[in-house]
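Reading through the structure tokens given below for one structure.
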Amino acid sequence: MRKTILLLLSLGAGSTAMASDALPDPAAVAEALDRHPTVVAARARVGAAEAEARVHSTGPHEVTLTTSVTRRSVDFDGQYVEYDALLTRPIRLPGKGALDRDIGRHGLDAASNRAEDAKHQAALLLADAWWDWVSASAEARVDQVIVDNHVRLVAAVKRRESLGDASRLEVDQAEAALATARIGLEHSQGRARRARVRLETQFPDLPLPAEAPEAPIPAAPEAGWDAYQQMIVANNHEIGAARAEAARSSSLAAKARRDRTADPSIGVRVFSERGGMEKGGGLVLSIPFGGGHRSALADRAAAEASAAAADVRAVEANVAEVAATDIADAEYRLAAWQRARDALGSQMAALTKLRRGYELGEVDLVDLLAAERLVGEAFRAEALITVEAYRAVTRVRIDSHELWLGD
């Protein structure tokens, strides 16, 4: 919590320095993201796509050697050793090689974009886990201050009881409120420990401080929301992967249309018959004739290319929606934080008066305890809203690739 607000709540219970930034070290984040299993797997698939591109570039057209050696027996003529050798190789027809290279290049482009998007998703996962820990820890800090306030209030009520200014019932009421506050503290501390364990498990390579940092006062980015909305769309790798996949499908469809005319094979044949009395050699040409199977493959590839083009439009629409909702979420959470802060100021002003009134014997303990509870809830809500506002701003920065993902 902010230093001045904690001072108001605790009335001298101590303070903590306001954090300048609550995000982890960028260099540590970069290393943790690079080592995340989903990122490692996606980059391995880039290597597979590079090999696949080489497969398409070279093609399956390999030289085939077919040989045979036979022993033939002819009545009244004797036995002869004969052999036959055939060396053939398919020939890729003009235009197909360029299409194969395009298929490999677009596949590699799609895999590279998916690898970058995997890092993007890992960054969002890290940010959510980080802010869950910060949020739970902030709530625990507020609950600790609430407990400390109730401890002082119980001591004050007991002093008044010893002076005859308070009843035993008031002591019991103050102690009951303290017990309730301690239960709330146990719950929030447990949530903070669970959030830290989740963060450590998901990102074991990210060094964590002993205590979660405090979220600073959230603010809108200086560049303005419109600039970030444009950056989210422009830097999105889902769109890049979808466009690359659509281009690959288009090249596959063009290749399937050309494959309706099959690649011929040419070769050289040599033979020896009747023990070498007959020898020869020549050229061999093999031309497959395509039929309904090749036509169906071409139709299927064309349909898949149309579907991939439609997928691009769907992804673009989804990304535009994400950009708009990211901005809207950040804006309304910043506004909600301001309203919560204003409400907290009013609650604190009222509590200060009630505390003074109780010291003067003009306010009942029940009314003071109710006000303490309301202020505690207001502080807890303000702490959570602060983190949620900062979480929303962080998501905008990650989705725009300004934070952690500079490509």
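For the sequence shown, the working numbering gives the first residue as 320, with consecutive numbering after it.
We put the beta carbon where it would ideally sit given N, CA and C, even for glycine.
Separation of SER584 from GLU381, as counted between CA atoms: The sequence position of residue 381 within the sequence shown is 62, counting from 1. The sequence position of residue 584 within the sequence shown is 265, counting from 1. Whole-angstrom Cα-Cα distance: 10 Å.
Counting only the same chain and skipping the five closest in sequence on each side, list residues whose C-beta sits under 6 Å from that of ALA624. What you label residue 624 is simply residue 305 of the sequence shown in a count that begins at 1. So the qualifying residues of the chain are SER568, SER569 and ALA572.
Roughly how many angstroms lie between the CA atoms of SER486 and THR705, to the nearest whole one? In the sequence shown, counting from the first residue as 1, residue 486 sits at position 167. In the sequence shown, counting from the first residue as 1, residue 705 sits at position 386. Looking at the two C-alpha atoms, the distance is approximately 40 Å.
Look at the Cβ atom of HIS556, then the Cβ atom of ASN432, and state whether they are nearer than 8 Å. Indexing the sequence shown from 1 puts residue 556 at position 237. Indexing the sequence shown from 1 puts residue 432 at position 113. Taking 8 Å as the Cβ cut-off, HIS556 and ASN432 qualify as a contacting pair.
Where does the unbroken beta strand (DSSP E) through ARG588 begin, and where does it stop? Translated into the one-based positions of the sequence shown, residue 588 becomes position 269. 584–592 is the span of the beta strand (DSSP E), which, as asked, contains ARG588.
In the DSSP assignment, find the alpha helix (DSSP H) that holds SER569 and state where it starts and stops. Within the sequence shown, numbered from 1, the residue matching residue 569 stands at position 250. First-last of the alpha helix (DSSP H) with SER569: 556–577.
Pop quiz: VAL348 and LEU525 are said to be a contact at Cβ under 8 Å. What is the actual Cβ separation, rounded to whole angstroms? Position 29 of the sequence shown, counted from the first residue, corresponds to residue 348. Position 206 of the sequence shown, counted from the first residue, corresponds to residue 525. 7 Å between Cβ atoms; contact.
Applying the 10 Å Cβ sphere with the 16-neighbour rule, what's the burial state of TYR547? On the sequence shown, position 228 is the one that residue 547 refers to. So TYR547 ends up on the buried side.
Among ALA361, ASP447 and GLU458, nearest to ALA434 - alpha-carbon criterion: By one-based count along the sequence shown, residue 434 stands at place 115. Looking at the Cα atoms, ALA361 is the closest of the given residues.
Are the CB atoms of ALA341 and TRP452 nearer to each other than 8 Å? Residue numbering aside, residue 341 sits at position 22 when the sequence shown is read from its first letter. Residue numbering aside, residue 452 sits at position 133 when the sequence shown is read from its first letter. Against a cut-off of 8 Å, the Cβ pair of TRP452 and ALA341 comes out as no contact.
Taking just the CA atoms, how far does ALA363 sit from ALA496? The residue labelled residue 496 in the question sits at position 177 within the sequence shown. The residue labelled residue 363 in the question sits at position 44 within the sequence shown. One C-alpha to the other measures close to 57 Å.
Same chain, Cβ closer than 6 Å to ASP630, five either side skipped, listed in chain order: Counted from its first residue, the sequence shown places residue 630 at position 311. Same-chain partners within the cutoff: ALA561.
PRO528, DSSP secondary structure in three states: Mapped onto the sequence shown, residue 528 falls at position 209. The answer is coil: DSSP assigns PRO528 none of H, G, I, E or B.
Return the CA-CA distance between ALA514 and SER614, expressed in angstroms with no decimal places. The residue given as residue 514 occupies position 195 in the sequence shown. The residue given as residue 614 occupies position 295 in the sequence shown. Approximately 57 Å, taken between the alpha carbons.
Let me know if ASP353 comes out buried or exposed under the rule of 16 or more other beta-carbons within 10 Å of its beta-carbon. Counted from its first residue, the sequence shown places residue 353 at position 34. Label assigned to ASP353: exposed.
Determine whether the Cβ of SER584 lies closer than 8 Å to any Cβ atom of chain C. No chain C appears in this structure, which consists of one protein chain only.
Taking DSSP as the reference, what is the three-state secondary structure of SER719? To locate residue 719, count along the sequence shown from 1; it is residue 400. Note: SER719 maps to coil in three-state DSSP.
Alpha carbon to alpha carbon, what distance is there between ALA697 and ASP645? One-based indexing of the sequence shown puts residue 645 at position 326. One-based indexing of the sequence shown puts residue 697 at position 378. When rounded, the distance between both Cα atoms is 26 Å.
Within 10 angstroms of its Cβ, does ALA810 collect 16 or more other Cβ (buried), or is it exposed? Coverage of the chain is limited to positions 320 through 726, which leaves residue 810 absent and any answer about it impossible.
How about LEU616: is its Cβ closer than 7 Å to a heavy atom in the ligand ZN? This structure simply doesn't include the ligand ZN, nor any ligand for that matter.
Output the distance between the C-alpha atoms of ARG478 and ALA459, rounded to the nearest integer angstrom. For the purposes of this step, residue 478 is taken as residue 159 along the sequence shown, with counting starting at 1. For the purposes of this step, residue 459 is taken as residue 140 along the sequence shown, with counting starting at 1. Taking the straight line joining both Cα atoms gives about 29 Å.
Could you compute how far the alpha carbon of ARG512 sits from the alpha carbon of ARG652? The residue you call residue 512 lines up with position 193 of the sequence shown. The residue you call residue 652 lines up with position 333 of the sequence shown. If I take the Cα positions, the gap works out to 26 Å.
Classification of ILE422 by the beta-carbon crowding that lies within 10 angstroms, buried from 16 upward: Walking along the sequence shown from the start, residue 422 turns up at place 103. Buried.
Which of helix, strand or coil DSSP assigns to THR286: Past the edges of the chain, shown from 320 to 726, lies residue 286, and the structure says nothing about it.
Inter-residue CB distance, SER642 and ILE551 (contact presumed, cutoff 8 Å): Taking the sequence shown and counting its residues from 1, one reaches residue 642 at position 323. Taking the sequence shown and counting its residues from 1, one reaches residue 551 at position 232. Checking the sequence shown, residue 642 turns out to be Ala, not Ser. About 4 Å separates the two Cβ atoms, so the contact holds.
Leaving out the 5 sequence neighbours to the left and right, which residues in its chain are closer than 7 Å to ALA700 when beta-carbon positions are compared? As a position in the sequence shown, residue 700 is number 381, starting the count at 1. Result list for ALA700: ALA659, in chain order.
Across the stretch 409–418 and the stretch 368–381, are there enough close Cβ pairs to call them in contact, namely three or more that are closer than 8 Å? yes
Same chain, Cβ closer than 8 Å to ARG577, five either side skipped, listed in chain order: Taking the sequence shown and counting its residues from 1, the one referred to as residue 577 is at position 258. LEU412, GLY414, LYS415 and LEU418, listed in sequence order.
Check the DSSP bridge columns for GLU401 and list the partner residues they point to. Counting from one through the sequence shown, the residue named residue 401 turns up at place 82. For GLU401, which the question treats as bridged, DSSP gives the partners THR389.
Return the CA-CA distance between MET320 and GLU564, expressed in angstroms with no decimal places. On the sequence shown, position 1 is the one that residue 320 refers to. On the sequence shown, position 245 is the one that residue 564 refers to. Unreliable placement is indicated for MET320, whose pLDDT of 33 sits below 50; the coordinate value is still reported in the next sentence. MET320 and GLU564: Cα-Cα distance of roughly 48 Å.
In the structure shown, what three-state DSSP assignment does SER605 receive? Taking the first residue of the sequence shown as 1, we reach residue 605 at position 286. Here SER605 sits in strand by DSSP.
Would you mind stating whether ALA437 and THR520 have Cβ atoms separated by less than 8 Å? Residue numbering aside, residue 437 sits at position 118 when the sequence shown is read from its first letter. Residue numbering aside, residue 520 sits at position 201 when the sequence shown is read from its first letter. Cβ distance not < 8 Å, so ALA437 and THR520 don't count as in contact.
6 Å Cβ shell around ASP428 - same chain, five flanking residues per side excluded: As a first step, residue 428 must be located in the sequence shown, where it is residue number 109. Only ALA563 meet the Cβ criterion.
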